[in-house]
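**Q** Taken in order, these protein sequences are the chains called R and B.
Here this note's numbering runs 1 ahead of the position in the first sequence, where the first position is 1.
Here this note's numbering runs 40 ahead of the position in the second sequence, where the first position is 1.
Each residue gets a CB set at the ideal place from its N, CA and C atoms; glycine is no exception.
One structure follows; several queries about it will come next.
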Amino acid sequence: MSVRPVLIKNAKLIDPAKDKVADGAILFDEKILDVGAVTSAPDGAEIIDAGGAHVAPGLIDMRVVIGEPGAEHKETFKSAGRAAAAGGVTTLVMMPNTTPVIDDQSLVDFVIRRAPERTGGVRILPAAALTKHLDGALMTEIGLLAEAGAVFFSNGDKPVADSRMLRRALAYATAFNALIAHRPEDPHLAEGGVMHEGELAARLGLPGIPAAAEHIMLERDLRLAELTGGRLLVDMLSSARSLESLARAKKAGVRVNASVSVHHLVLNENDVDGYRTFAKLSPPLRSEDDRVALCGAVSDGLIDVIVSGHDPRPAEDKRLPFEEAAPGAVGLETLLAGALSLHHKGEAPLNTIIRAMTLKPAEILNLPQGRLAKGAPADIIEIDIGAPFKLDSETLRSKSKNTPFDDKLLQGKVKRTFVAGRAVFGT
Amino acid sequence: MAQRPTGVGKSEPRSSPVRFRHKHLLAIADLDRFEIESLLDRAEAFAPLAEKKIKKLDTLRGRTLINLFFENSTRTQSSFELAGKRMGADVVNMSVKSSSVAKGETLIDTATTLNAMRPDLLVVRHGSSGAAELLSQKVDCAVINAGDGKHEHPTQALLDAFTIRERLGTIEGLIIAICGDIAHSRVARSNVALLTMLGAQVRLIGPPTLMPPGAERWGATVFHDMRQGLKGADVVMMLRVQRERMDGGFFPSTREFFWFYGLDDDKLKHAKPGALVMHPGPMNRGVEIDSSVADNPNVSLIETQVRMGVAVRMAVLEALAETGANEGAA
Chain R
2 MSVRPVLIKN AKLIDPAKDK VADGAILFDE KILDVGAVTS APDGAEIIDA
52 GGAHVAPGLI DMRVVIGEPG AEHKETFKSA GRAAAAGGVT TLVMMPNTTP
102 VIDDQSLVDF VIRRAPERTG GVRILPAAAL TKHLDGALMT EIGLLAEAGA
152 VFFSNGDKPV ADSRMLRRAL AYATAFNALI AHRPEDPHLA EGGVMHEGEL
202 AARLGLPGIP AAAEHIMLER DLRLAELTGG RLLVDMLSSA RSLESLARAK
252 KAGVRVNASV SVHHLVLNEN DVDGYRTFAK LSPPLRSEDD RVALCGAVSD
302 GLIDVIVSGH DPRPAEDKRL PFEEAAPGAV GLETLLAGAL SLHHKGEAPL
352 NTIIRAMTLK PAEILNLPQG RLAKGAPADI IEIDIGAPFK LDSETLRSKS
402 KNTPFDDKLL QGKVKRTFVA GRAVFGT
Chain B
41 MAQRPTGVGK SEPRSSPVRF RHKHLLAIAD LDRFEIESLL DRAEAFAPLA
91 EKKIKKLDTL RGRTLINLFF ENSTRTQSSF ELAGKRMGAD VVNMSVKSSS
141 VAKGETLIDT ATTLNAMRPD LLVVRHGSSG AAELLSQKVD CAVINAGDGK
191 HEHPTQALLD AFTIRERLGT IEGLIIAICG DIAHSRVARS NVALLTMLGA
241 QVRLIGPPTL MPPGAERWGA TVFHDMRQGL KGADVVMMLR VQRERMDGGF
291 FPSTREFFWF YGLDDDKLKH AKPGALVMHP GPMNRGVEID SSVADNPNVS
341 LIETQVRMGV AVRMAVLEAL AETGANEGAA
């Protein structure tokens, strides 16, 4: 079934392979047919005048928790798909911490078969568990799961404490060139902690998680990646000190990439003040110095990827005393606006920000998307990057509304979203 | 092929190969190419004996061979027992179960006790690397390493080489793929040393977790993709995967292991047409090898290996007995 060609003209093109925005147009059906100075469109093509709005590749969000299967009250393929489309996310990687845990070929197969019928077009790629039942003891069938379509292997929010286990998994994965995503957090140092360890935590009387919990585990992970030659994705950095280790490892040729959640680029520990559980995240929001350093690392490319860290939590998990509340925030619909705030505040260049949500994830996951190039899949978004709005969490399409951006002023709205040339959001 | 000496009876003198210059057989790494070929030549003379009605010689008459096995083994122990008996030696089997180790006797205590019994040949298998060498320092007789930990299993490598030589005429220039759990395999270590010495191109195939660090510096090429590694191979040597390595420690499951590293007809197609398959036994069918391959008489040398094992061990016993005899006379 072919798609009616679309020409978006009078647009500002954000090509993530380039460093500057360029005026131009884009013509596509399922794939991008032409981009730049497009002079003609085939008969019957739909012509959209962007009126000077920006056009970029659809976003690839590498870290999304969905409640299906097992916790459909939090999020389903359908609700996540709607939220993603509205947020300009055309491809999302689904984390394996579902019920049951995605640690078996048949469950990878379930996601690959089931999700596309439900998401309204948004692409869902499964990540598989790194260890059986995520219990950190025995590795999963990395080879068979990769063949079934798992795009990387992750232990979700449970770091693997056993260094020998992670060493073996990293080594074993090299046979399949499989990517291992790992949360750098020493589980013993972090145990019981609910926010960044520091003066504010002390005043609030809340147990803290020191930045060292991240730094120590990150050092270990980087050494293991170096030892084994394995491909490591550092999953959601939060602190400045970690960046020194990351930079050193990258310079030494360790096969490592790193991600950061959009919340850690925009918010800091002060957003927790008042015991606001919606700002309770894992890893925790850290100091302003940490936030500024993370933005710098995105700007200079040290941090490769910005993720939403989408983690839907229903009200009953959040409307609790701070220590008892679940960590996590939804982010599919606020990823773009949150990330664009770095552009508006002059903390990172626009093309670099978009690259961290398109081309970089595509390269890491070996996907053809994420490019404004002839022949690439026509996953396209049209955005008004300056459009201001005040976020009302009740308008979110996610089943869960737990966002720390509630009532915040943001800029950047998605006008249209296309997946493989088909409009999935907008008029 | 070298001229096959026919005389195997006591009355028929046969051309005597070069005298073996080692007191013990502990590791292939101790031998040179000349010594190995000389051992294989000896084995060639013994191979036809198994087909004769009377299989017994008197070369080792009056000598005592002790089989000292700290690890369970059916085929290696019976192979040495048979080799010793066919050479005319008195054979004593001692299985030292872990329980007697628990009684507190150390390996050296055991060695001292045995030495007092004045054996001529001591065949030892032990779960610790270097155990055979330690024993050899504490006894007066010849020690044959029948497998020490993850170190060496020299008679297995000799019988593997002998089997290949008997079937293909030479080892020089062959591509030989050794597949599976290389890291924990004494058979692999002995075979890499021996086969490369005889001029074969050795490839090691297995998951990274079962590949010892630095294996690429053994003189072999390392592959993690079995189909790639098998390309053009003349011989495919499978290794046994130990039960305790399964289930998630070194690899996720036997199912996944078989899918990527188990030898079946499909993977074997990537080797040279007519490639031969070997396995030191005992096999895990459906884990490292499929029955359709293991039981195919056109490709499988597995039974031949067992048959050749006795001849090779007779050759080793003879060579070491000569050394001992000459030393005693001196």
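1) May I have the straight-line CA-CA distance separating B/Gly-368 from B/Lys-63, to the nearest angstrom?
2) Give a yes or no on whether 8 Å exceeds the smallest Cβ distance from B/Trp-258 to chain R.
3) Would you mind sorting B/Pro-253 into buried or exposed? The rule is 16 or more other CB atoms within 10 Å of its CB.
4) Can you check whether the CB of R/Pro-185 is closer than 8 Å to the CB of R/Glu-215?
5) Considering only residues of the same chain and omitting the five flanking positions on each side of R/Leu-219, which have a CB-CB separation below 6 Å?
6) Along the beta strand (DSSP E) that carries R/Leu-126, what are the first and last residues, could you check?
7) With contact counted as at least three CB pairs below 8 Å, one residue from each stretch, are the segment 117-129 of chain R and the segment 256-269 of chain B in contact?
8) Across the segment 224-242 of chain B and the segment 156-167 of chain R, are there enough close Cβ pairs to call them in contact, namely three or more that are closer than 8 Å?
9) According to DSSP, is B/Thr-150 part of a helix, a strand, or is it coil?
10) Where does the unbroken beta strand (DSSP E) through R/Pro-58 begin, and where does it stop?
11) With B/Gly-187 as the anchor, note down where its alpha helix (DSSP H) starts and where it stops.
12) Since R/Glu-317 is in the alpha helix (DSSP H), which residue starts that stretch and which ends it?
13) As an exercise, report each continuous beta strand (DSSP E) stretch of at least 3 residues that is fully enclosed by the segment 317-349 of chain R, in chain order.
14) What residues from chain B crowd round R/Arg-169, counting only those whose CB sits closer than 8 Å?
15) Give a yes or no on whether the minimum CB-CB distance between R/Ile-103 and chain B is below 8 Å.
16) Would you please state the rounded distance, in angstroms, between the beta carbons of R/Leu-266 and R/Ala-340? I believe it to be under 8 Å.
17) Answer yes or no: do R/Pro-211 and R/Glu-198 have a C-beta to C-beta separation smaller than 8 Å?
18) Indicate whether the contact test is met: 3 or more Cβ pairs, each with one atom in the segment 196-205 of chain B and one in the segment 130-137 of chain B, closer than 8 Å.
19) Can you give me the start and stop residues for the alpha helix (DSSP H) that R/His-265 sits inside?
20) Are the CB atoms of B/Pro-292 and R/Ala-172 within a distance shorter than 8 Å?
21) I'd like to know if B/Ser-293 contacts chain R, where contact means its C-beta is closer than 8 Å to some C-beta of that chain.
22) Buried or exposed, going by whether 16 or more other CB atoms sit within 10 Å of the CB of R/Asn-178?
23) Of the residues that make up the segment 156-187 of chain R, which ones have a beta carbon closer than 7 Å to any beta carbon in chain B?
24) Using the Cα positions of R/Gly-427 and R/Leu-8, report the straight-line distance between them to the nearest angstrom.
25) Give me the Cβ distance between R/Gly-59 and R/Gln-370, rounded to the nearest whole Å; I'm assuming they're in contact under 8 Å.
26) Whole angstroms are fine: how far does the CA of B/Gly-220 sit from the CA of B/Ala-355?
27) What does a CB cutoff of less than 7 Å around B/Asp-180 pick up in its chain, not counting 5 residues either side in sequence?
28) Alpha carbons only, please: which of R/Arg-314, R/Ala-424 and R/Leu-303 is nearest the one belonging to R/Phe-279?
29) In three-state DSSP terms, what is B/Ser-139?
30) What distance in whole Å lies between the Cβ atoms of R/Ala-72 and R/Asp-104, which are believed to be in contact at a cut-off of 8 Å?
31) Quick check: what's the CA-CA separation for R/Ile-181 versus R/Glu-148?
32) Whose C-beta lies closer than 6 Å to the C-beta of R/Ala-84 among residues of the same chain, with five residues either side of it excluded?
33) Beta-carbon of R/Thr-437 versus every beta-carbon of chain B: anything under 8 Å?
34) Could you say if the segment 26-43 of chain R and the segment 63-70 of chain R meet the contact criterion of at least three C-beta pairs nearer than 8 Å?
35) So within the segment 239-265 of chain R, which uninterrupted alpha helix (DSSP H) runs reach at least 4 residues, ignoring any that extend past its ends?
**A** Here's the rundown:
1) Since pLDDT at B/Gly-368 reaches only 41, below the 50 mark, its modelled position is unreliable, and the value read off the structure follows with that caveat. Taking the straight line from one Cα to the other gives about 12 Å.
2) no
3) exposed
4) yes
5) Pro-185, Ser-243 and Ser-246
6) 124-127
7) no
8) no
9) helix
10) 55-58
11) Where B/Gly-187 is concerned, there is no enclosing alpha helix (DSSP H), although the beta strand (DSSP E) it sits in stretches over 182-188.
12) 316-319
13) none
14) Thr-249, Gly-289 and Phe-290
15) no
16) 7 Å
17) yes
18) no
19) 263-267
20) no
21) yes
22) exposed
23) Arg-169, Ala-172, Tyr-173, Thr-175 and Ala-176
24) 15 Å
25) 7 Å
26) 29 Å
27) Asn-155
28) R/Arg-314
29) Below a pLDDT of 50, predicted positions are generally treated as unreliable, and B/Ser-139, at 49, falls in that range; the measurement from the model is reported next regardless. Reduced to three states, the DSSP call for B/Ser-139 is helix.
30) Contact flag wrong, Cβ pair sits at about 17 Å.
31) 15 Å
32) Leu-333, Glu-334, Arg-398 and Ser-399
33) The displayed coordinates of chain R run from 2 to 428. Any statement about residue 437 of chain R would go beyond what the structure contains.
34) no
35) 241-252
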